[in-house]
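Visitor: Before I ask anything, here is the structure I am working with.
There are 2 protein chains.
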Amino acid sequence: MERKVTKPRATALRASGKASRRMPGEERRAQIVKVATDLFSKNGFKGTTTREIARKAGISEAVIFKHFSRKEELYKAIIDSRCTDTGGESFLIGRLKGKKGKEVFKTVAVYLLEEHHKDPSFMRLLTYSALEQHALSELFLKTRALELLGFLEDNIRELMREGSMREVDPAIAARAFIGMVIHYSISQELYGFKRYFKRPLEEVAEAFVDIFLEGTTRR
Amino acid sequence: MERKVTKPRATALRASGKASRRMPGEERRAQIVKVATDLFSKNGFKGTTTREIARKAGISEAVIFKHFSRKEELYKAIIDSRCTDTGGESFLIGRLKGKKGKEVFKTVAVYLLEEHHKDPSFMRLLTYSALEQHALSELFLKTRALELLGFLEDNIRELMREGSMREVDPAIAARAFIGMVIHYSISQELYGFKRYFKRPLEEVAEAFVDIFLEGTTRR
DNA sequence: CGTATTAAAGTAAGCACTTACTTACTTGTT
DNA sequence: AACAAGTAAGTAAGTGCTTACTTTAATACG
Chain R
48 MERKVTKPRA
58 TALRASGKAS
68 RRMPGEERRA
78 QIVKVATDLF
88 SKNGFKGTTT
98 REIARKAGIS
108 EAVIFKHFSR
118 KEELYKAIID
128 SRCTDTGGES
138 FLIGRLKGKK
148 GKEVFKTVAV
158 YLLEEHHKDP
168 SFMRLLTYSA
178 LEQHALSELF
188 LKTRALELLG
198 FLEDNIRELM
208 REGSMREVDP
218 AIAARAFIGM
228 VIHYSISQEL
238 YGFKRYFKRP
248 LEEVAEAFVD
258 IFLEGTTRR
Chain E
48 MERKVTKPRA
58 TALRASGKAS
68 RRMPGEERRA
78 QIVKVATDLF
88 SKNGFKGTTT
98 REIARKAGIS
108 EAVIFKHFSR
118 KEELYKAIID
128 SRCTDTGGES
138 FLIGRLKGKK
148 GKEVFKTVAV
158 YLLEEHHKDP
168 SFMRLLTYSA
178 LEQHALSELF
188 LKTRALELLG
198 FLEDNIRELM
208 REGSMREVDP
218 AIAARAFIGM
228 VIHYSISQEL
238 YGFKRYFKRP
248 LEEVAEAFVD
258 IFLEGTTRR
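If you read the protein sequences in the order shown, they are chains R and E. Remember, the working numbering sits 47 above the position in the first sequence when you count from 1. Remember, the working numbering sits 47 above the position in the second sequence when you count from 1.
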């Protein structure tokens, strides 16, 4: 049967100056991942369509399926890359080597606040994946989260041994510290608290460390 | 044209013992809201279909649209009811009247941890709505969240005035306290931390208040 | 109390559109 | 000419929502 003739979409895109041009396979794959990451972090897995990913990448939908067998596989590729990305929290652990005491807490707080501020997409992706019960939050928990908590607990035990920190439950104390930092970060970026409250993040980090170590009671 | 004849679904449901029976309009509306709340909190707005809501309620889809003009309107009805629900945080403010100092922090911590543990659906709904940029998180922020933070800030100022609390930034201190509590709660329930760490919530609440007031430094 | 009527609650079937994904083919590059 | 990258057109299934009709329950009346 005679084919319907319609205006080619990609050529229309090219005319508009937003079009993709042909790319080597690996480059195209990486571009799809980047665009998809952005959309998944904004809309979640179900809320993101392959049609929208293709549209934003300036390609046809079929190209996505040249690189990924299914939508789920694209999502998994993103999750995997984000948990092995050297820009993540293992990088943080590296920066903590050699630091002790207050400096550890300060470094952790500043790093986390800065990372979340600079690029909220990982935080959003992680939150969506926890809600949607995807693998990312499980993977993240088992790798980054427990690793960082473990590190802080060890640091707290060391401080107790050398007598500068009082007897506390290291696990609970680590959770308290991480909790105030990350919740601040999430409520500022995700919940819009930053419209009502804005401070330099170094100041906020400093204040949190101070409260954690010195408490709020007058002496 | 002659209608196709197939087995009525509702009668099939009735036979299976799970069927809805006829209900007065208000009762049915409430039932739809309850079922939909559960599904929206598990799957988000986009991830929940009207077919699935109807199936779980044991009714046909058309019944939903007898009560709500659109799916979006059903969602809004849920958001509204959850932010005016007397089981929410305004209830908390009521409980804080007359309490001072350490007792305020203790009551807030225990209450929030218990509420989230007993019914994580609101927390999930709120998190989904923040990600999906629905009205719930905005409404919640403007009502409950800022109200509670304001209350804590006032309490902190009062403690500084009477000399039992040292000079801190009340806004930052309130965020620090709320952050450790809520993040703990969310990470336990939503992220699955409770599989790796379990403590009686009174103990956790007590420890957080202690850290907030006394810090962790040995004196 | 029985019957007819009316109102309320509910359904089967469908519509128009969207979704993830496929396939046979075209275009561009080497 | 061969290969890689890409597309137009399509499929089967799913989605939010509508409509014309059926069923059930309540009410009025004799």
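For each residue, glycine too, the CB sits at the ideal point set by N, CA and C. On a predicted model such as this, the values are computed, not experimentally measured, just so you know.
1. Quick check on Ser234/E: buried or exposed, where buried means 16 or more other Cβ atoms within 10 Å of its Cβ?
2. Near Phe152/E, which residues of its chain fall below 6 Å by C-beta distance, leaving aside the five closest residues on each side in sequence?
3. Is there a C-beta anywhere in chain E that falls below 8 Å from the one on Leu195/R?
4. Count the other CB atoms within 10 Å of the CB of Gly91/R; is the residue buried (16 or more) or exposed (fewer)?
5. Against Glu261/E, what residues of chain R qualify as contacts under a CB-to-CB distance less than 7 Å, listed in chain order?
6. Between the stretch 143-157 of chain R and the stretch 205-224 of chain R, do at least 3 Cβ pairs fall closer than 8 Å?
7. Just to confirm, are Thr97/E and Lys123/E a CB contact at a threshold of 8 Å?
8. When the cut-off is 8 Å and only beta carbons count, does Ala223/E lie next to chain R?
9. Span of the alpha helix (DSSP H) holding Tyr243/R?
10. Distance check for Leu159/E and Leu172/R, CA to CA, integer angstroms please.
11. Just to make sure I have the definition right: I need the residues of chain R whose C-beta is within less than 7 Å of the C-beta of Tyr175/E. Which are they?
12. Looking at Ala223/R: is its Cβ nearer than 8 Å to the Cβ of Glu200/R?
13. DSSP three-state label for Met70/E, please.
14. Hey, how far is the Cα of Ala177/E from the Cα of Thr263/R?
15. If I follow the unbroken alpha helix (DSSP H) through Ala221/E, where does it start and stop?
16. Between the C-alpha atoms of Ala252/R and Leu260/R, what's the straight-line distance to the nearest angstrom?
17. Secondary structure at Thr154/R, three-state DSSP: helix, strand or coil?
18. How big is the Cα-Cα spacing for Phe198/R and Pro167/R?
19. Please determine, among Asp216/R, Ser184/R, Ile100/R and Gly141/R, the residue with the shortest C-alpha to C-alpha distance to Cys130/R.
20. Determine contact between the stretch 103-110 of chain R and the stretch 75-86 of chain R, defined as no fewer than three beta-carbon pairs at a distance below 8 Å.
21. Using 10 angstroms around the beta-carbon of Phe87/R, count the other beta-carbons present and answer buried if the total reaches 16, otherwise exposed.
22. Here's the rule: buried if 16 or more other CB atoms are within 10 angstroms of the residue's CB, otherwise exposed. What is Ala220/E?
23. Rounded to a whole number of angstroms, what is the C-alpha to C-alpha distance between Asp85/R and Met227/E?
24. Kindly say whether Ile125/R, judged by its beta-carbon, lies nearer than 8 Å to any beta-carbon of chain E.
25. Is the Cβ of Ala104/E closer than 8 Å to any Cβ of chain R?
26. Tell me the residue span of the alpha helix (DSSP H) that contains Leu199/E.
27. Taking Cβ to Cβ, would you say Thr174/R is nearer than 8 Å to Thr174/E?
28. Helix or strand or just coil, what does DSSP make of Thr174/R?
29. Does the CB of His230/E have a neighbour CB from chain R at under 8 Å?
30. If you follow the alpha helix (DSSP H) that Ser184/R is part of, which residue opens it and which one closes it?
31. Go to Thr97/R, then tell me how far its alpha helix (DSSP H) extends in each direction, as first and last residue.
32. Is it right to say Met70/E is buried, meaning 16 or more other beta carbons lie within 10 angstroms of its own, or is it exposed?
33. Taking Cβ positions only, does Val251/E come closer than 8 Å to chain R?
34. Ala101/R: buried (16+ other C-beta within 10 angstroms of its C-beta) or exposed?
35. What does the alpha-carbon distance come out to for the pair Tyr243/E and Met170/R?
Guide: The relevant details are as follows:
1. By the 16-neighbour rule on beta-carbons within 10 angstroms, Ser234/E is buried.
2. Same-chain partners within the cutoff: Val256.
3. No Cβ of chain E is located within less than 8 Å of the beta carbon of Leu195/R.
4. Per the 10 Å Cβ criterion, buried.
5. Chain R residues near Glu261/E: Gly262 and Thr264.
6. Cβ pair count under 8 Å is three or more, so yes.
7. Between Thr97/E and Lys123/E, the C-beta gap is not smaller than 8 Å, which leaves the two residues out of contact.
8. Yes - at least one Cβ of chain R is within 8 Å of the one on Ala223/E.
9. For Tyr243/R, no alpha helix (DSSP H) encloses it, and the DSSP letter there is neither H nor E.
10. Cα to Cα, the separation comes out at about 25 Å.
11. Leu178, listed in chain order.
12. No, Cβ-Cβ distance for Ala223/R and Glu200/R is not below 8 Å.
13. In the structure shown, Met70/E sits in coil (DSSP, three-state: anything other than H, G, I, E or B).
14. Looking at the two C-alpha atoms, the distance is approximately 31 Å.
15. Ala221/E -> alpha helix (DSSP H) spans Pro217 to Glu236.
16. Cα-Cα distance, rounded: 12 Å.
17. In the structure shown, Thr154/R adopts helical secondary structure according to DSSP, grouped into three states.
18. Spanning the alpha carbons of Phe198/R and Pro167/R requires a straight line of approximately 24 Å.
19. Per the C-alpha coordinates, the member of Asp216/R, Ser184/R, Ile100/R and Gly141/R positioned closest to Cys130/R is Ser184/R.
20. Remark: three or more beta-carbon pairs, one from each stretch, lie closer than 8 Å, so the stretch 103-110 of chain R and the stretch 75-86 of chain R are flagged as touching.
21. That one is buried.
22. Looking at its Cβ environment, which holds 16 or more other Cβ atoms inside 10 Å, Ala220/E is buried.
23. In this structure, the straight-line span from the alpha carbon of Asp85/R to that of Met227/E is close to 29 Å.
24. No, Ile125/R lies away from the interface with chain E (no Cβ there is under 8 Å from its Cβ).
25. Output row for Ala104/E: interface = no.
26. Start and end: Leu193 to Arg208.
27. Cβ distance < 8 Å, so Thr174/R and Thr174/E count as in contact.
28. Correct three-state label for Thr174/R: helix.
29. Judged by the 8 Å Cβ criterion, His230/E is in contact with chain R.
30. Ser184/R: member of the alpha helix (DSSP H) spanning Ala182 to Phe187, first to last residue.
31. Residues Thr97 to Ala104.
32. Under the 10 Å beta carbon count, Met70/E is surrounded by fewer than 16 other beta carbons and is classified as exposed.
33. At least one CB of chain R lies nearer than 8 Å to the CB of Val251/E.
34. By the 10 Å Cβ count, Ala101/R comes out buried.
35. So the two alpha carbons sit approximately 21 Å from each other.
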